[in-house]
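Okay, so the sequence shown: first residue is 0 according to numbering that gives the first Met the number 0, each after it adds one. Glycine is no exception: its CB is placed at the ideal position from the N, C-alpha and C atoms. It should be emphasised that the depicted structure is a prediction, and the values quoted were computed from it without experimental measurement.
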Amino acid sequence: MDKKNKKFNVVIAGGGSTYTPGIVMMLLSNQDRFPLESLTLYDNDAERQAVLGEAIKILMHEQAPQIRYEYTVDPVVAFTGKDFCMAHIRVGKFAMREQDEKIPLRYGVVGQETCGPGGIAYGMRSITGMMEIIDYMDKYSPDGWILNYSNPASIVAEACRVMRPKARIINICDMPIATKTRMSYIVNKDPKDLDVRYFGLNHFGWWTSVTDELGNDLMPQIQDYVSKNGYLTPKAIEKQHMEPSWQATHRKAADLMEVDPRFLPNTYLKYYIFPDYVVEHSDPNYTRANEVMNGREKRIFGAARDIIAAGTAVNGGFEIDVHASFIVDLATAISYNTHEIMLCIVENKGAICNFDPTAMVEVPCVIGSRGAEPICQGYIPTFEKGMMEEQLAVERLVVEAYVEHSYQKLWQALTLSKTVPSATVAKKILDDLIVANKNYWPELH
Ligand code: NAD
Ligand code: G6P
Ligand code: MN
0 MDKKNKKFNV
10 VIAGGGSTYT
20 PGIVMMLLSN
30 QDRFPLESLT
40 LYDNDAERQA
50 VLGEAIKILM
60 HEQAPQIRYE
70 YTVDPVVAFT
80 GKDFCMAHIR
90 VGKFAMREQD
100 EKIPLRYGVV
110 GQETCGPGGI
120 AYGMRSITGM
130 MEIIDYMDKY
140 SPDGWILNYS
150 NPASIVAEAC
160 RVMRPKARII
170 NICDMPIATK
180 TRMSYIVNKD
190 PKDLDVRYFG
200 LNHFGWWTSV
210 TDELGNDLMP
220 QIQDYVSKNG
230 YLTPKAIEKQ
240 HMEPSWQATH
250 RKAADLMEVD
260 PRFLPNTYLK
270 YYIFPDYVVE
280 HSDPNYTRAN
290 EVMNGREKRI
300 FGAARDIIAA
310 GTAVNGGFEI
320 DVHASFIVDL
330 ATAISYNTHE
340 IMLCIVENKG
350 AICNFDPTAM
360 VEVPCVIGSR
370 GAEPICQGYI
380 PTFEKGMMEE
390 QLAVERLVVE
400 AYVEHSYQKL
410 WQALTLSKTV
420 PSATVAKKIL
430 DDLIVANKNY
440 WPELH
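Right under this line is the structure:
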């Protein structure tokens with residue numbers, strides 16, 4: 000078929016995700032550049048997905064009856080004949096996120112979704128779910144692509160490299176995109192006109208250059224602003240990352256700038272560079288998981304139930320997730336071989352010259368029909384290289400522990416994490432995490 004007239008078949012894995020309605024609305028608003036033939040939602044929790052699935056059925060019927068739509072828990076139905084799988088699963092759901100955050104905090108250690116022991120625990124769960132999805136796509140749609148933003152993206156990416164090296168998967172994160180948008184407000188530009196250089200691991204990186212569409216250097220102006228205000232900007236149109244806890248994270252970038260003023264930091268570095276501060280400012284009885292369950296989850300599922308009760312989505316509570324248009328950017332760049340440049344998590348292959356060529360790193364990539372090809376970012380300094388090497392070893396040990404069912408290696412991973420003070424504390428946290436994750440992790444010995 001002529002590629003220019005092709006319409007795409009998409010499955011969203013994690014159909015019951017709080018992000019699904021916003022992404023569906025965003026897909027509908029992008030039909031001119033990424034037209035859909037069919038849209039399928041897939042989840043392994045039928046009851047949860049049905050709430051969003053039924054509300055989206057009403058929405059699709061009203062706004063896009065020409066697009067074939069269904070939601071299912073049957074992998075054959077979900078993954079057959081698909082061009083793209085957009086994956087945002089959360090294995091263990093928010094109940095397990097809460098455990099990931101609260102268990103380390105009991106021992107005075109950072110409790111976070113993707114960083115430190117919580118991220119490691121989540122990684123051990125996500126690997127199983129993601130490998131299952133990769134295998135379904137391989138079996139039922141071997142020519143299709145998986146665009147994955149399920150977390151923890153670094154560990155998932157490393158697991159893909161080791162366990163499914165031939166998988167057609169691109170791992171991507173929205174944080175650099177959201178932060179670049181904030182940078183564009185600082186310099187009063189369109190985010191699309193900002194051209195960046197960046198290196199790191201996922202949730203663990205630095206911008207080394209930001210220029211405008213003419214190549215003018217914007218770094219000094221942005222660095223000056225961030226060193227005073229962090230990434231807090233007066234204007235912020237995004238819906239995500241707006242609650243007080245996220246505002247505090249944006250602000251903390253000012254202190255990160257002091258540690259290395261040469262670059263602009265990813266906000267997630269605060270968990271590694273200021274772990275004591277983070278713990279002091281955490282409530283061990285009410286973490287981000289509680290905020291999300293009482294905020295986003297209630298709002299989205301409430302809106303879905305209202306749409307179902309009203310029988311119409313007109314004036315309903317679903318809103319377009321504009322920020323998620325990077326997923327359409329990625330899909331169109333692959334489909335039409337546009338060579339757009341986007342930050343993705345890929346095998347280094349020399350892009351960071353003085354770093355392990357097999358490491359899964361986050362760098363600008365050229366996106367086209369071959370997938371994501373990294374662009375050389377040059378040599379990195381000792382401070383960042385040292386931090387990255389330690390964190391890479393943590394992520395590798397997690398994947399090795401998963402594959403080998405090794406208690407020892409998972410203990411080493413926790414011990415090596417910059418967020419954990421000693422092997423003694425690491426062991427206590429690990430033993431609690433094992434109990435909490437008994438339905439999700441491979442049995443370790
Ligand atoms: P959520 O709990 O609302 O949704 C996740 C859904 O995944 C649930 O409905 C759950 O039942 C389903 N699920 C779990 N295991 C599954 C499996 N094996 N197969 C199919 N479905 C499965 O969570 P959320 O807050 O909406 O976040 C969803 C995911 O997106 C998380 O992994 C989150 O970390 C990630 N996320 C990533 C980015 C990024 O930039 N990379 C941004 C935002 C969210
Ligand atoms: C950012 C990160 C995601 C992460 C999300 C958490 O967008 O890039 O990887 O999942 O924040 O947001 P939440 O609102 O669930 O705490
Ligand atoms: Mn992310």
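- In this structure, Glu53 is the residue among Lys179, Ile119, Asn265, Glu53 with its C-alpha nearest to the C-alpha of Arg304.
- Closer than 7 Å to some heavy atom of ligand 1: that does not describe the Cβ of Gln98.
- Val9 is bridged by DSSP to Leu38, Phe83.
- With the rule of 3 Cβ pairs closer than 8 Å, the stretch 35-45 counts as touching the stretch 64-73.
- Secondary structure at Pro74: helix, using DSSP grouped into helix, strand and coil.
- Residue state for Tyr148 is assigned as coil, using DSSP reduced to three classes.
- Short note on Arg181: C-beta not closer than 7 Å to any heavy atom of ligand 1.
- Less than 8 Å separates the beta-carbon of Ile88 from that of Gly13.
- In this structure, Thr19 has its CB at a distance of at least 7 Å from all heavy atoms of ligand 2.
- In this structure, Met174 has its beta carbon less than 7 Å from a heavy atom of ligand 3.
- In summary, Ile366 is buried, with 16 or more beta-carbon neighbours lying within 10 Å of its beta-carbon over all protein chains present.
- Counted as a single uninterrupted DSSP element, the alpha helix (DSSP H) harbouring Ile176 occupies residues 174-185.
- Phe317 is positioned such that its CB atom lies no closer than 8 Å to that of Met25.
- Not one heavy atom of ligand 1 is found less than 7 Å from the C-beta of Glu339.
- Per DSSP, the beta-bridge partners of Leu263 are Trp206.
- Selection Ile102, Leu231, Pro264, Asp31 evaluated against Val278 yields Ile102 as nearest (Cα-Cα).
- For ligand 1, a non-hydrogen atom lies closer than 7 Å to the CB of Arg89.
- Straight-line measurement puts the Cα of Asn8 at about 11 Å from the Cα of Ser140.
- In this structure, the C-beta of Phe7 stays at least 7 Å away from each heavy atom of ligand 1.
- Note on geometry: alpha-carbon atoms of Met130 and Tyr224 lie some 42 Å from one another.
- Taking all protein chains in view, the Cβ of Gly385 is surrounded by fewer than 16 other Cβ atoms within 10 Å, so the residue is classified as exposed.
- Note that the stretch 288-298 touches the stretch 89-100; at least 3 beta-carbon pairs, one per stretch, sit closer than 8 Å.
- Looking from the CA of Pro283, the closest CA among Ile333, Ile11, Gly107 belongs to Gly107.
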